[in-house]
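Trainee: Take this structure, written in structure tokens, and hold onto it; I'll ask about it next.
Number of protein chains: 2
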Amino acid sequence: MSRHKIVLDEDSLPTHWYNLGADLPLPAPPLHPGTLQPVGPEDLAPLFPMSIILQEVSGEAQHEIPEEVRQAYRIWRPTPLMRAERFEQALGLKGVRIYYKYEGGSPSGSHKPNTAVPQAFYCAQDGRRRIATETGAGQWGSALAYATQLYGLECEVFMVGISYRQKPYRRVMMETFGATVHSSPSSATNTGRAALEVDPESLGSLGLAISEAVERAATDPEAAYSLGSVLNHVLMHQTVIGLEAKEQLAAFGEKGPDVVIGCAGGGSNFAGISFPFLRDKIAGAEIEIIAVEPASCPTLTRGVYAYDYGDAVGMAPLVAMHTLGHDFMPPGIHAGGLRYHGMAPLVSHAQNQGLIRAEAYGQLDCFAAGIQFAKAEGILPAPEPTHAIMGVIEAARRAEASGKEQVILFNLCGHGHFDMQAYDDYLSGQLQDHAMPEGERDRALAAIADFPAAPAVV
Amino acid sequence: MSRHKIVLDEDSLPTHWYNLGADLPLPAPPLHPGTLQPVGPEDLAPLFPMSIILQEVSGEAQHEIPEEVRQAYRIWRPTPLMRAERFEQALGLKGVRIYYKYEGGSPSGSHKPNTAVPQAFYCAQDGRRRIATETGAGQWGSALAYATQLYGLECEVFMVGISYRQKPYRRVMMETFGATVHSSPSSATNTGRAALEVDPESLGSLGLAISEAVERAATDPEAAYSLGSVLNHVLMHQTVIGLEAKEQLAAFGEKGPDVVIGCAGGGSNFAGISFPFLRDKIAGAEIEIIAVEPASCPTLTRGVYAYDYGDAVGMAPLVAMHTLGHDFMPPGIHAGGLRYHGMAPLVSHAQNQGLIRAEAYGQLDCFAAGIQFAKAEGILPAPEPTHAIMGVIEAARRAEASGKEQVILFNLCGHGHFDMQAYDDYLSGQLQDHAMPEGERDRALAAIADFPAAPAVV
């Protein structure tokens, strides 16, 4: 067998993040949800430290990673790049080589700490004493809970009520790292109290949890708000994944990937693996870059490019992105991290520029692909990256059919040890696919029909 | 800060396991539970392939690791060695350097695949088509489930009934890797059917599950039986941990450890980290080697060295070891992997030779130590290695008190992502310590009073 993995020494950690925005024409700017005017740094200052705001609007391609962040990254980075030779054999492939970057060895078991750590660092540097955030099933909350205590910050997490009750283990992880976790809606905010007055038994929603976290941060000058995906600076922090992968592929003796694949919900792990290769593509390299999304929440494949709220309730700015409409409610598929009504503006922009394309698959195919991968490679993937694996299988089949020798790279963004209920449901035949009905799409998009038009380039 | 970790290239995987038995005087041999005569290879042949039996009784210090096993080891090995500098700072230490080997990145999240893979390989090489085993909470079963399918073997796991019902996620992991999992007692064996006849609602026990697995293997010529700890060959397979650590410590620039610490239940992870350093100690090096066990199941600290059944019911051979008596039933502490009534014969033998010593701690102190470690180092330990961490803290305090500069090495044998209920119980104040009452010790030891005497050396 060939070499299985390349592990980089910690001295090889990237020194700079890569900002794709600097290499693309300017997209339509975010708008204030009240005034519909472009959002300025001063609008964001109550919620974010200025160093993060400047990253968010930066036109520089390279941003230096602070030394303190690089030191913390060493706790789990550089992450390994593996050749999936046993998986290739299981698929009966010849002439296709599959590589994957594995982010599941981090403190919370996914790629999320890559941005949680610098966000916590900048907040501490800015003199903030606590960070408020929301979390759905808990991936993001547990990453931020770990990161905040590294810098002596308090962490307050508003967790969607139904997950708080049904998925306690992520809550326990956050509490173990020292965070305070509220079941949202909570009695800790005006928003939460109002929701509880209407319905004391409310199960909550991500939109409501965002609103509570934003209120918390906005009403406390020592607090900041933090987001785990979607925004430009979050995507930039994740580019350490692709930057390391590039060096590791070279160490494997590969000239580079022919195909790069990541699953896409908000867009951050996809951006992390693909943006550094997009830079090469912009410079002329022939690379196919594919975002894989669930058929039940097909933002890039069936959404429209339009201005829409970043959240579900209109507290967040209007951003130009691919969206299914902010009140689209995806079915309760197990890949909770892919259930977002929109897509990161920068990923959407890259699709408009013809640099990436998207595919959508149902969860039954994805779980089958994930289990085949786990048996071969020994890593049980979280439900989200099983979508990437399904995309890899399809790309490999296309390559074989065309007779081309190809190198496929994908991001295995997290392990599935907190997702065993999902595997049990799949193995016991209790899961089904949920394609989005056309009528539901039309209904949800009608809600944003009166928003300003979003030009692809300004 | 100093360097955080040393990651070895896969070409640096050890080529040989180390067999401590070859460097010690002969201990008292295992006895057949019926005849009380020494067990010969032919007695074991129905259950184990001959290559494993020969390792079990070997007098050679070095055993070559088959190339196929080394290839499979590369899936997760070499594992990293970390300097716990943030943990040292959290403890306020000066002059004490703490290093840990991390085995939680394996396919099942613990050190168990280190022996599951070679055991499955040898069984396949021997022409066996399936392996039967028992599992308590599921750590061992999930490692073997992964390993067997690498070599095309079927895997049948008898899981203690109460765990099967209360801890479904490890069962799901085994099933995801393709194993058949029975709730024990099951209707699949005579032993199980007899138990169900007496009590159709039986919650099972590890002893019963062992009996079912052994019956299964003994009555099917194409099947083998497999054990996850205690036996000599299992301990030998685990020495890859310490052999790698030795090379990595040198790469950190350390002359070697002053103290080596592992938690000890059956003894396999402790043996894995410590036996290669025991070889140096036998050759004259000054190294303190400490096995840490739970106060509720204090085999080495409060047990006696005697002949006792390896299992709970007398189907397994009598082995000379430190034991609390085979019908000792430890309280339901969360470190399920440390709840074994005996200790590996080779670990017991090393204690008799004055080469190692043991300490015991209550689970409350251990969870507190584990959480302090998790916050600093970003790895949430399984409940078992929190005992090792507690031992490390005590060793570091002793070193500081004596003014000596010291290097402490310990084994972090698995992550705790399947153990969040334990952390929740701890954080919510629902756990308590269980010291073993003297009367219970006397009662359990009385049951083995008539067994043959076990001389420390023959």
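Protein chains in written order, with our numbering: chain W, 16 to 473; chain L, 16 to 473.
Think of the CB as a built atom: it goes at the ideal place given N, C-alpha and C, for glycine as much as any other residue.
Fair warning: this is a prediction, and the values are worked out from it, not measured in the lab.
#1: Measure the alpha-carbon distance for P56(W) versus S73(W) and round it to whole angstroms.
#2: Of all the residues that make up the region 195-213 of chain L, which are near chain W by a beta-carbon distance shorter than 8 Å?
#3: Just how far apart, CA to CA, sit S202(L) and E212(L)?
#4: Does the distance from the C-beta atom of A437(W) to that of V407(W) stay below 9 Å?
#5: Could you spell out the range, first to last residue, of the beta strand (DSSP E) harbouring K116(L)?
#6: Any Cβ of chain W within less than 9 Å of the Cβ of F192(L)?
#7: What are the start and end residues of each continuous alpha helix (DSSP H) run of 4 or more residues lying completely inside the region 60-131 of chain W, in chain order?
#8: In terms of residues, what are the limits of the alpha helix (DSSP H) holding C381(L)?
#9: What does the Cβ neighbour count give for A298(W), buried or exposed, with the cut at 16 atoms within 10 Å?
#10: Could you tell me which of E71(W), Q86(W), L51(W), P40(W) sits nearest to D24(W), measuring between CA atoms?
#11: State the DSSP-derived secondary structure class of F290(L), mapped to helix, strand or coil.
#12: Whose CA, out of G167(W), P332(W), I423(W), lies closest to the CA of P53(W)?
#13: Counting only beta-carbon atoms, is P360(L) nearer than 9 Å to chain W?
#14: Using three-state DSSP, classify Q52(W) as helix, strand or coil.
#15: Determine, using beta carbons only, whether G281(W) and S244(W) come nearer to each other than 9 Å.
#16: When we look at the beta-carbon of T50(W) and count the other beta-carbons within 10 Å, is it buried (16 or more) or exposed?
#17: Taking contact to mean 3 or more Cβ pairs, one atom from each stretch, closer than 8 Å, check whether the region 451-465 of chain W and the region 339-355 of chain W are in contact.
#18: Could you tell me which uninterrupted alpha helix (DSSP H) segments, each at least 4 residues in length, are contained entirely in the region 291-351 of chain W, listed from first to last along the chain?
#19: Quick one: residues in its chain with C-beta nearer than 8 Å to the C-beta of E301(L), no 5 flanking neighbours on either side, listed in chain order?
#20: Can you check the region 415-455 of chain W for any alpha helix (DSSP H) of at least 4 residues that lies completely inside it and give the ranges in chain order?
#21: Could you work out which residues of chain L lie near D439(W), taking near to mean beta carbons separated by less than 7 Å?
#22: Distance check for H197(W) and G287(W), CA to CA, integer angstroms please.
#23: Can you list, in chain order, the residues of its chain with a C-beta nearer than 8 Å to that of M60(W)? Leave out the 5 residues immediately preceding and following it.
#24: Can you grab the Cα-Cα spacing for the pair R372(W) / E303(W), in whole Å?
#25: List the residues of chain L that G120(W) touches, going by C-beta distances under 7 Å, in chain order.
#26: Just to make sure I have the definition right: I need the residues of chain L whose C-beta is within less than 8 Å of the C-beta of Y324(W). Which are they?
#27: Within 10 Å of its beta-carbon, does V473(L) have 16 or more other beta-carbons around it, so buried, or fewer, so exposed?
#28: Are three or more beta carbon pairs between the region 78-94 of chain L and the region 23-41 of chain L nearer than 8 Å?
#29: Between the C-alpha atoms of C138(L) and A228(W), what's the straight-line distance to the nearest angstrom?
#30: Going straight from the alpha carbon of H19(W) to that of M435(W), what length do you get?
#31: Closer than 9 Å, CB to CB, is W155(L) near chain W or not?
#32: Can you check DSSP and say which residues form a bridge with S198(L)?
#33: Which bits of chain L does K390(W) rub up against, with CB to CB less than 9 Å?
#34: Rounded to whole angstroms, what's the CA-CA distance from H252(L) to S217(L)? Just pull it up for me.
#35: Counting C-beta neighbours from all protein chains within 10 Å, is the total for T420(W) 16 or more, i.e. buried, or is it exposed?
#36: Put V473(L) into one of helix, strand or coil per three-state DSSP.
Mentor: Considering the structure as presented:
#1: In the first sequence, the residue the question calls residue 56(W) occupies position 41. In the first sequence, the residue the question calls residue 73(W) occupies position 58. Computed Cα separation, rounded: 11 Å.
#2: Answer in chain order: no residues at all.
#3: Against the second sequence, residue 202(L) aligns to sequence position 187. Against the second sequence, residue 212(L) aligns to sequence position 197. Approximately 10 Å, taken between the alpha carbons.
#4: Walking along the first sequence from the start, residue 437(W) turns up at place 422. Walking along the first sequence from the start, residue 407(W) turns up at place 392. For A437(W) and V407(W), no; Cβs fall outside 9 Å.
#5: The residue given as residue 116(L) occupies position 101 in the second sequence. Start and end: 111-117.
#6: The residue given as residue 192(L) occupies position 177 in the second sequence. Answer yes: the Cβ-Cβ gap between F192(L) and chain W drops below 9 Å somewhere.
#7: The region 60-131 of chain W contains these whole alpha helix (DSSP H) runs: 65-71, 82-88, 100-106.
#8: Translated into positions along the second sequence, residue 381(L) becomes position 366. Residues 378-392.
#9: Along the first sequence, one-based indexing puts residue 298(W) at 283. Classification of A298(W): exposed, given that the 10 Å Cβ count is below 16.
#10: The residue you call residue 24(W) lines up with position 9 of the first sequence. When each option's Cα is compared against that of D24(W), the closest is Q86(W).
#11: Along the second sequence, read from residue 1 onward, the residue named residue 290(L) stands at position 275. F290(L): helix per DSSP, three-state reduction.
#12: Your numbering for residue 53(W) matches position 38 in the first sequence. If we check each option's Cα against that of P53(W), P332(W) comes out closest.
#13: By 1-based counting over the second sequence, the position of residue 360(L) is 345. For P360(L), the answer is no, since every Cβ of chain W falls outside 9 Å of its Cβ.
#14: Position 37 of the first sequence, counted from the start, is the residue given in the question as residue 52(W). Q52(W) falls in the coil class under three-state DSSP.
#15: Here the question's residue 281(W) lines up with position 266 in the first sequence. Here the question's residue 244(W) lines up with position 229 in the first sequence. The Cβ atoms of G281(W) and S244(W) sit closer than 9 Å to each other.
#16: The count along the first sequence starts at 1 and reaches residue 50(W) at position 35. Looking at its Cβ environment, which holds fewer than 16 other Cβ atoms inside 10 Å, T50(W) is exposed.
#17: Cβ pair count under 8 Å is three or more, so yes.
#18: Here the runs fully enclosed are 314-317.
#19: Residue numbering aside, residue 301(L) sits at position 286 when the second sequence is read from its first letter. Here the set comprises D273.
#20: Runs found: 435-442.
#21: Position 424 of the first sequence, counted from the start, is the residue given in the question as residue 439(W). Within chain L, the residues near D439(W) are P183, V187.
#22: Locating residue 287(W) in the first sequence gives position 272, where the first residue counts as 1. Locating residue 197(W) in the first sequence gives position 182, where the first residue counts as 1. Approximately 30 Å, taken between the alpha carbons.
#23: As a first step, residue 60(W) is located in the first sequence; it is residue number 45 there, counting from the start. Residue identity check: residue 60(W) is Ala in the sequence provided, not Met. Once the five neighbours on either side are set aside, the close Cβ partners of A60(W) are I68.
#24: By one-based count along the first sequence, residue 372(W) stands at place 357. By one-based count along the first sequence, residue 303(W) stands at place 288. Looking at the two C-alpha atoms, the distance is approximately 8 Å.
#25: Working through the first sequence from its first residue, we reach residue 120(W) at position 105. Going along chain L in sequence order, the residues near G120(W) (Cβ under 7 Å) are G120.
#26: One-based indexing of the first sequence puts residue 324(W) at position 309. Result: empty, since nearest Cβ-Cβ is about 34 Å, beyond 8 Å.
#27: One-based indexing of the second sequence puts residue 473(L) at position 458. V473(L) should be labelled exposed.
#28: Yes: at least three Cβ pairs fall under 8 Å.
#29: Counted from its first residue, the second sequence places residue 138(L) at position 123. Counted from its first residue, the first sequence places residue 228(W) at position 213. Rounded to the nearest whole angstrom, the CA to CA distance from C138(L) to A228(W) is 56 Å.
#30: Counting from 1 along the first sequence, the entry for residue 19(W) is found at position 4. Counting from 1 along the first sequence, the entry for residue 435(W) is found at position 420. Roughly 27 Å separates the two Cα atoms.
#31: Here residue 155(L) corresponds to residue number 140 of the second sequence, with the count starting at 1. Taking Cβ atoms only, chain W never reaches closer than 9 Å to W155(L), which makes this a no.
#32: The count along the second sequence starts at 1 and reaches residue 198(L) at position 183. According to DSSP, S198(L) shares a beta bridge with M174(L).
#33: Stepping through the first sequence from its first residue, residue 390(W) is reached at position 375. In chain order: Y161, Q164, L165, T191, F192, G193.
#34: The residue labelled residue 252(L) in the question sits at position 237 within the second sequence. The residue labelled residue 217(L) in the question sits at position 202 within the second sequence. Near 35 Å, if we compare the C-alpha coordinates of S217(L) and H252(L).
#35: The residue given as residue 420(W) occupies position 405 in the first sequence. The residue asked about is misnamed: residue 420(W) is Glu in this sequence, not Thr. Classification for E420(W): exposed.
#36: For the purposes of this step, residue 473(L) is identified with residue 458 of the second sequence, where counting begins at 1. Secondary structure of V473(L) (DSSP, three-state): coil.
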